[in-house]
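Okay, so here's the structure we're looking at.
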Amino acid sequence: MATPKLRFKEFEGSWLASKIGEVFEVTSGATPLRSNKEFFKNANIPWVKTTDLNNAVITHTEEQISKVALKSTSVKMLPKGTVFVAMYGGFNQIGRTGLLANEATCNQALSAIYPNENIDSRFLLDYLNHNVKLWKSFAASSRKDPNITKGDVLAFPFNFPNIAEQTKIATFLSAVDTKIDELTQKHELLSEYKKGMMQQLFSQKLRFKADDGSDFEDWEESLIGNVFTNKSESFNPKVENNLPCIELEHLSQGTGTILGTTDSKNQKSTKNVFERSNVLYGKLRPYLNKFAQPDFKGVCSTEIWVLTGIEISNNYLYQYIQSEGFSELTSIQSGSKMPRADWKTVASAVMSYPCCEEQTKIANFLTAIDQKIDNVAEQIDHAKTWKKGLLQQMFV
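Residue numbers (my numbering): 732 to 1127.
Here is the structure:
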C-alpha cells in the first residue's frame, strides 16, 4: 500500500498493490502462414505487430489479415481498449506498448491485456510506459537477445487507485499528450515548409529583390570546388591540447544540433581543426544527413568534412548543404565497405550561386525558419520533461 507524491485534491487513501495477472486476463496472438495467400487476400482486419506499437493509441496497422485467417488460425479478435506489451526484440523493444482504438488482432510477439471494467485502459497504458525500465529485470533470455514471457507480464507489478482517480489521471495525461502531439505536428509542418522553400530558392523559381526593389543579377555557375572548399588543418596536440572535439555521433540527424563534445587532450593528430562558422558535414553514411555550424573553434573526426565558402558565405553554405541538390551529390559514394560521400565527385560538379547580397537574404530567411523550428523543438522537449516529472510523482 502506498500513495503518490502528487495527487488530485479530491482523492485520498492508499493505492492497491497487485500484479498484472491478478487483475487482468492476458493472451497473445499468432502469425497466419504467409504462404497461404487466402490469409492476406481481401484483408481488412487490423493485425498488430511490434512495429505498430507507439506507446500510445493505435489507430491503424501496417498489415491486415482476412476473415479466412481469423477463422482458420489461432489469431484472436481483441476488443477496443486492449493494451499490448512487446515481448521480443531486446531491450530496445521489450515493454513497448499500444492501446487499441478499435478491435483488432495481433501476432505472437505481443502480450494482449484485455480491458477490465475496474481499470481505465489509458491509465494502464501510462502506468506501463512510466515503468518500462522494470522489464529489464524480467528479461528471460540471453544478454544478446533479452526477451520477456507471458509469465513475466502476468507477474509485473501493478499499483492502482479507484477507477475515478484512474480516469482523472488518464484524462489529464491525455491532455498533455495532445499538447505534445500538436507541437510535434507544428514542428513537422515547419520542417516541410522549409524544405519546400529551399527547393524554390535553390532552383531559382523564387527570387528575392534587392533593397531598392530591383532584380538581382543572374546567378553564377562554377565547379563546386571553386565555390567552397573541404580543407582543414591537421590537429597537433603538442601545440594546442584543450580544444573541444566533435565526433560523428555528436552531430544530430537532420537538425544541425551538436549533441556534445569530448576533450581533445590526448587526441590523435589526425583530427581536423575547424574554425568558428566553418560548416561540418558527416561524410560517413551521408544518408544520415548530419551537419552543423559550430560557434567555437575545435577539432573533429576525419569522418566529418570541414567546409568553407570561397565564392559563397558560410551561412549560405550551411543552408545549401541541406538542399536536395547537395544530397544527390553526396549519395554518389566512394567504393569502400562503409559508404562515404566522395569529395572528388562533389567538387567536380557544377553549382549555381547568387551574388553576396542575395546569398545573405536567402540565408537569413532560411535561418529565421530554423529558429522557429528550434523553438518548437525546445517546447516539445520541455513538455516531455514536464510530463516525465509528473509521471514520477503521480504514480506509485
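For glycine and all other residues, C-beta sits at the position ideal for the given N, C-alpha and C.
Exercise. Do the segment 932–940 and the segment 771–778 meet, that is, are 3 or more Cβ pairs less than 8 Å apart?
Worked result: For the pair of segments examined, the segment 932–940 was found not to touch the segment 771–778: the number of CB pairs separated by less than 8 Å stays below three.
Exercise. What are the partner residues of ASN961, as DSSP defines its beta bridges?
Worked result: The residue labelled residue 961 in the question sits at position 230 within the sequence shown. DSSP, once it has assigned bridges, lists LEU1038 as partnering ASN961.
Problem set entry | Unbroken alpha helix (DSSP H) run spanning LEU856, endpoints | Counting from 1 along the sequence shown, the entry for residue 856 is found at position 125. Residues 852–861.
Exercise. Do three or more CB pairs link the segment 1088–1096 to the segment 904–921 at distances below 8 Å?
Worked result: No: the two stretches stay apart, fewer than three of their Cβ pairs being nearer than 8 Å.
Exercise. Just the Cα atoms here: how many angstroms apart are VAL754 and PHE891?
Worked result: Along the sequence shown, one-based indexing puts residue 754 at 23. Along the sequence shown, one-based indexing puts residue 891 at 160. Approximately 10 Å, taken between the alpha carbons.
Exercise. Exposed or buried, PRO681, counting other C-beta atoms within 10 Å across all chains shown (16 or more means buried)?
Worked result: The requested residue 681 does not occur in the structure, where the chain is confined to residues 732 to 1127.
Problem set entry | Environment of GLN1090 [buried if 16+ CB atoms lie within 10 Å] | Counting from one through the sequence shown, the residue named residue 1090 turns up at place 359. With 16 or more other Cβ atoms within 10 Å, it is buried.
Problem set entry | Option nearest PHE822 by Cα separation, candidates LYS867, ASP946 and LEU784 | The count along the sequence shown starts at 1 and reaches residue 822 at position 91. It is LYS867.
Exercise. Three or more C-beta pairs closer than 8 Å, one from the segment 795–803 and one from the segment 738–745: is that the case here?
Worked result: Of all C-beta pairs linking the segment 795–803 to the segment 738–745, fewer than three are shorter than 8 Å, placing the two stretches out of contact.
Problem set entry | Integer Cβ distance of LYS811 from ASN785, believed to fall under 8 Å | Numbered from 1 along the sequence shown, position 80 holds the residue referred to as residue 811. Numbered from 1 along the sequence shown, position 54 holds the residue referred to as residue 785. Rounded, the Cβ-Cβ distance is 16 Å, inconsistent with contact.
Exercise. Apart from the five residues just before and just after TYR1047, which ones in its own chain have a Cβ nearer than 6 Å to its Cβ?
Worked result: Here the question's residue 1047 lines up with position 316 in the sequence shown. The residues are GLN1090 and ALA1094.
For this session: Return helix, strand or coil for TYR845, following the three-state DSSP convention.
Result: Position 114 of the sequence shown, counted from the first residue, corresponds to residue 845. Three-state result, TYR845: coil.
For this session: Return the residue from the list TRP1117, GLN1110 and SER1079 that minimises the CA-CA distance to GLU913.
Result: Taking the sequence shown and counting its residues from 1, the one referred to as residue 913 is at position 182. Nearest option by C-alpha distance: GLN1110.
For this session: State the start and end residues of the unbroken alpha helix (DSSP H) segment that holds GLU743.
Result: To locate residue 743, count along the sequence shown from 1; it is residue 12. It is not in any alpha helix (DSSP H) - GLU743 carries neither H nor E in the DSSP assignment.
Exercise. So LYS750 is in the beta strand (DSSP E); what residue range does that whole segment cover?
Worked result: Walking along the sequence shown from the start, residue 750 turns up at place 19. Segment 747–750, the beta strand (DSSP E) holding LYS750.
Exercise. In three-state DSSP terms, what is THR909?
Worked result: Along the sequence shown, one-based indexing puts residue 909 at 178. If DSSP states are grouped into helix, strand and coil, THR909 belongs with the helices.
Exercise. For the beta strand (DSSP E) that contains ILE977, what are its first and last residues?
Worked result: Locating residue 977 in the sequence shown gives position 246, where the first residue counts as 1. ILE977 -> beta strand (DSSP E) spans 975–977.
For this session: Would you mind reading off the limits of the alpha helix (DSSP H) that contains GLN1123?
Result: The residue given as residue 1123 occupies position 392 in the sequence shown. Segment 1087–1125, the alpha helix (DSSP H) holding GLN1123.
For this session: Apply the 10 Å Cβ neighbour rule to HIS981 and answer buried if 16 or more other Cβ atoms are within range, or exposed otherwise.
Result: Position 250 of the sequence shown holds residue 981. Its Cβ being crowded by 16 or more others within 10 Å, HIS981 is buried.
Exercise. Which residues bound the beta strand (DSSP E) around PHE891?
Worked result: Taking the first residue of the sequence shown as position 1, residue 891 is located at position 160. Segment 888–891, the beta strand (DSSP E) holding PHE891.
Exercise. Per the contact definition of three or more C-beta pairs closer than 8 Å, is the segment 1110–1125 in contact with the segment 1076–1086?
Worked result: The answer is no - the segment 1110–1125 does not touch the segment 1076–1086, with fewer than three Cβ pairs under 8 Å.
For this session: Can you give me the start and stop residues for the alpha helix (DSSP H) that TYR1049 sits inside?
Result: Taking the first residue of the sequence shown as 1, we reach residue 1049 at position 318. Residues 1045–1051.
Problem set entry | Spatial neighbours of GLU756 in its chain, beta-carbon cut-off 6 Å, leaving aside the 5 residues before and after | What you label residue 756 is simply residue 25 of the sequence shown in a count that begins at 1. Its chain contains TYR845 as the residues whose beta carbon lies nearer than 6 Å to that of GLU756, once the 5 sequence neighbours on both sides are disregarded; these appear in chain order.
Problem set entry | Helix, strand or coil at TYR819 according to DSSP, with G and I counted as helix | On the sequence shown, position 88 is the one that residue 819 refers to. Coil, per DSSP.
Exercise. Going straight from the alpha carbon of ILE1100 to that of ASN957, what length do you get?
Worked result: Within the sequence shown, the letter at position 369 stands for residue 1100. Within the sequence shown, the letter at position 226 stands for residue 957. Distance between the alpha carbons of ILE1100 and ASN957: 29 Å.
Problem set entry | Distance between HIS791 and ARG765 (C-alpha atoms, nearest Å) | What you label residue 765 is simply residue 34 of the sequence shown in a count that begins at 1. What you label residue 791 is simply residue 60 of the sequence shown in a count that begins at 1. Near 20 Å, if we compare the C-alpha coordinates of HIS791 and ARG765.
Problem set entry | Where CYS1087 falls, given that 16 or more other Cβ within 10 Å makes a residue buried | For the purposes of this step, residue 1087 is taken as residue 356 along the sequence shown, with counting starting at 1. CYS1087 should be labelled exposed.
For this session: Measure from the alpha carbon of LYS1068 to the alpha carbon of each residue in SER1032, PHE1057, GLY829 and LEU1015, then state which is nearest.
Result: Against the sequence shown, residue 1068 aligns to sequence position 337. Closest by alpha carbon: LEU1015.
Exercise. Between the segment 1022–1037 and the segment 1000–1011, are three or more C-beta pairs nearer than 8 Å?
Worked result: Touching, yes.
Problem set entry | Burial state of THR1116 (16 or more Cβ within 10 Å) | Within the sequence shown, residue 1116 is the residue found at index 385, counting from 1. Exposed: under 16 other Cβ atoms inside 10 Å.
Exercise. Who are PRO777's beta bridge partners in DSSP?
Worked result: As a position in the sequence shown, residue 777 is number 46, starting the count at 1. Beta-bridge pairing links PRO777 to GLN795.
Problem set entry | Pick from GLN1053, ASN1003 and LEU737 that is closest to GLY927, judged by C-alpha positions | Position 196 of the sequence shown, counted from the first residue, corresponds to residue 927. Nearest of GLN1053, ASN1003 and LEU737 to GLY927, Cα basis: GLN1053.
For this session: Note down the Cα distance separating ASP857 from GLU923, rounded to an integer number of angstroms.
Result: What you label residue 857 is simply residue 126 of the sequence shown in a count that begins at 1. What you label residue 923 is simply residue 192 of the sequence shown in a count that begins at 1. Each residue's alpha carbon lies about 31 Å from the other.
For this session: Determine the DSSP secondary structure at GLN916, reduced to helix, strand or coil.
Result: Here residue 916 is taken as the residue at index 185 of the sequence shown, counted from 1. Here GLN916 sits in helix by DSSP.
Problem set entry | Chain-order list of residues whose beta-carbon lies under 7 Å from that of ILE751 (same chain, five-residue window excluded) | Position 20 of the sequence shown, counting from 1, holds the residue named residue 751. Within the same chain, Cβ atoms closer than 7 Å to the Cβ of ILE751 are found at VAL757, ILE844, VAL884, LEU885, PHE887 and PHE889, the five residues on either side in sequence being excluded.
Exercise. Going straight from the alpha carbon of HIS1113 to that of SER749, what length do you get?
Worked result: As a working mapping, residue 1113 is identified with position 382 in the sequence shown. As a working mapping, residue 749 is identified with position 18 in the sequence shown. If I take the Cα positions, the gap works out to 33 Å.
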